[in-house]
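**Student:** In the working numbering, the protein residues as written are 400 to 841. The beta-carbon is built from N, C-alpha and C at its ideal position, and this holds for glycine as well. The structure displayed is predicted, hence computed values, not measured ones. Take a look at the following structure, please.
Listed below in structure tokens is the structure:
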């Protein structure tokens with residue numbers, strides 16, 4: 400999306416940290432912004448543009464999932480104290496970067512809700528066009544709710560727009576309620592969006608199905624997770640690339656299902672925070688020795704994921720330091736094989752088929768087939784291959800938390816209280832509903 404599209408997002412987002420972001424006084428009234436199909440289309444672009452925020456896929460969201468886990472650490476000379484807190488798993492509610500994740504999720508939800516409210520009244524849109532527009536907006540809303548849920552646990556569900564200062568104080572909904580809303584939104588999206596393998600930066604049928612596969616896996620509904628992942632694999636038309644590095648060589652590979660669009664005008668800052676200072680980066684994070692050691696000899700994913708400047712290792716999946724124009728990959732086919740393998744293993748499925756899915760990933764990486772042959776061994780193999788296959792793509796923390804392995808694996812995590820990030824203090828100060836409580840331990 401071009402930078403001008405951010406203006407659409409600003410129509411209904413005040414960029415506060417409050418969950419119910421308020422329409423700024425100088426914004427265009429919704430009735431004027433959405434008079435016809437063209438206005439709705441601009442509104443949809445505005446909803447997508449919220450995914451580009453630096454506090455979201457533009458930098459923080461993906462980095463923090465690896466930094467809170469064991470894939471990234473902050474080097475001694477790192478300067479961002481908020482990153483140090485995440486690395487140490489000792490996060491203060493005042494952490495501004497964590498607040499940025501919260502704010503980005505709910506800014507996106509509110510922009511989507513404002514457009515959703517206007518779609519039914521559009522006289523120049525057919526029923527099919529309305530459902531397609533709603534499908535994209537529901538996808539974005541579901542993704543935002545899901546990402547907030549994964550970092551913060553029970554969070555408020557927002558399915559109506561917030562304009563003005565009324566109804567700001569809302570409680571947290573239960574985790575089950577949030578999952579139900581996410582699944583409802585994605586199910587609608589999957590039913591009404593077109594199937595397209597060429598469209599990467601807008602939601603499609605199989606982007607919704609692929610996200611459903613992840614949602615069901617996290618929810619521990621393993622039968623549905625395997626079913627959704629299987630649909631993407633067998634019906635989606637995506638291709639597991641022979642060359643792992645080619646996934647990240649440019650935007651829109653045949654393997655990717657949904658990407659967040661970045662351009663020279665709408666840049667991300669991932670490479671800036673990853674690259675060493677000698678290459679004009681900030682080097683706020685670096686790969687841990689643990690993740691370097693986790694790669695097997697001959698694994699082709701190593702050189703596609705990590706580079707060295709002298710003795711300093713740094714992630715290179717997102718390597719456009721000069722312009723920050725490389726898209727962030729949110730969903731890709733490789734993950735679907737690992738989702739199906741894990742879901743089947745947790746459901747005591749066919750061991751041969753589970754191994755086949757794991758080996759699709761391992762053989763592509765130039766590794767031998769897995770020797771694991773029991774469900775516990777297969778699950779450990781899948782955990783390891785997810786760590787390497789999806790390294791620096793923002794999955795590791797969520798994998799360790801959802802499987803209950805964070806305390807066992809991470810030395811700085813010794814309490815389940817640490818497996819959720821704190822609700823930002825700015826949210827608690829502005830949202831005074833008694834049901835808006837802080838997570839335990841903060």
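#1: Write down the C-beta distance between residue 643 and residue 589 rounded to the nearest angstrom, noting that I regard them as a contact closer than 8 Å.
#2: At the level of alpha carbons, what is the spacing between residue 531 and residue 694?
#3: Just verifying my parser: in three-state terms, what is the DSSP assignment at residue 555?
#4: Between residue 818 and the rest of its own chain, which residues show a CB-CB distance below 6 Å, the 5 nearest in sequence each way excluded?
#5: In the DSSP assignment, the beta strand (DSSP E) including residue 614 goes from what residue to what residue?
#6: Please report how far the alpha carbon of residue 686 lies from the alpha carbon of residue 697, in whole angstroms.
#7: Under 8 Å: do the region 778-785 and the region 645-663 share three or more Cβ pairs, one atom per stretch?
#8: Quick one: grab the DSSP three-state call for residue 686.
#9: Give me the residue from 451, 569, 707, 537 with the minimum Cα distance to residue 836.
#10: Using only alpha-carbon positions, find the residue among 756, 526, 557, 488 that is nearest to residue 505.
#11: Measure from the alpha carbon of residue 435 to the alpha carbon of each residue in 671, 519, 445, 595, then state which is nearest.
#12: For the region 599-612 against the region 535-542, do three or more pairs of beta-carbon atoms, one drawn from each stretch, fall closer than 8 Å, so that the two count as touching?
#13: Considering residue 590, what are the terminal residues of the alpha helix (DSSP H) in which it resides?
#14: Given this structure, state the Cα-to-Cα distance separating residue 830 from residue 735, to the nearest angstrom.
#15: State buried or exposed for residue 599, treating a residue as buried only when at least 16 other CB atoms are found within 10 Å of its CB.
#16: Need the endpoints of the beta strand (DSSP E) that residue 728 sits in, please.
#17: Of all the alpha helix (DSSP H) runs that stay within the bounds of the region 468-510, which reach a length of 4 or more residues?
#18: Of the choices 776, 477, 586, whose alpha-carbon is the least far from that of residue 681?
#19: Where does residue 823 sit, in a helix, a strand or coil, going by DSSP?
#20: For residue 683, tell me which candidate among 442, 462, 455 has the shortest Cα-Cα distance.
#21: Rounded to whole angstroms, what's the CA-CA distance from residue 688 to residue 512? Just pull it up for me.
#22: Tell me the rounded alpha-carbon separation between residue 542 and residue 754.
#23: Using 8 Å as the cut-off, can you tell me whether the region 719-730 makes contact with the region 742-754, which would need three or more C-beta pairs spanning the two stretches below that distance?
#24: Could you pull the start and end residues of the alpha helix (DSSP H) that residue 634 belongs to?
#25: What are the start and end residues of the alpha helix (DSSP H) that includes residue 463?
#26: If I measure Cβ to Cβ from residue 708 and keep anything under 7 Å in the same chain, skipping five residues before and after, which residues do I get?
#27: Are residue 458 and residue 713 close, meaning C-beta to C-beta below 9 Å?
#28: Should residue 788 be labelled buried (16 or more other beta-carbon atoms within 10 Å of its own) or exposed?
#29: Starting from residue 713, trace the beta strand (DSSP E) both ways and give me its first and last residue.
#30: Once DSSP output is grouped into helix, strand and coil, what is the label at residue 705?
#31: Helix, strand or coil, according to DSSP, for residue 425 in the structure here?
#32: Just verifying my parser: in three-state terms, what is the DSSP assignment at residue 812?
#33: Are the region 514-528 and the region 491-501 touching, with three or more C-beta to C-beta distances below 8 Å?
#34: Using CA atoms only, rank isn't needed, just tell me which of 594, 432, 574, 710 is closest to residue 515.
#35: Can you tell which of 508, 603, 502, 815 has the C-alpha that lies nearest to the C-alpha of residue 592?
#36: What separation, rounded to the nearest whole angstrom, lies between the Cα atoms of residue 665 and residue 451?
**Tutor:** Per the coordinate set shown:
#1: Residue 643 to residue 589, Cβ: 28 Å. No contact.
#2: 42 Å
#3: coil
#4: 800, 805
#5: If you look at residue 614, you'll find it isn't in any beta strand (DSSP E); it sits in the alpha helix (DSSP H) that goes 604-618.
#6: 19 Å
#7: no
#8: strand
#9: 569
#10: 557
#11: For the set 671, 519, 445, 595, the Cα lying nearest the Cα of residue 435 is the one of 519.
#12: yes
#13: Per DSSP, residue 590 belongs to the alpha helix (DSSP H) from 574-591.
#14: 38 Å
#15: buried
#16: 727-731
#17: 480-486
#18: 477
#19: coil
#20: 462
#21: Rounded to whole angstroms, residue 688 to residue 512 spans 44 Å at the Cα level.
#22: One alpha carbon belongs to residue 542, the other to residue 754, and they sit about 30 Å apart.
#23: Judged by Cβ distances under 8 Å, the region 719-730 makes no contact with the region 742-754, as fewer than three pairs qualify.
#24: 621-634
#25: 459-466
#26: 675, 677, 678
#27: no
#28: It is buried - the Cβ of residue 788 has at least 16 other Cβ atoms within 10 Å.
#29: 711-714
#30: Secondary structure at residue 705: strand, using DSSP grouped into helix, strand and coil.
#31: Below a pLDDT of 50, predicted positions are generally treated as unreliable, and residue 425, at 38, falls in that range; the measurement from the model is reported next regardless. DSSP places residue 425 in coil when its eight states are reduced to three.
#32: coil
#33: no
#34: 432
#35: 603
#36: So the alpha carbons of these two residues sit roughly 7 Å apart.
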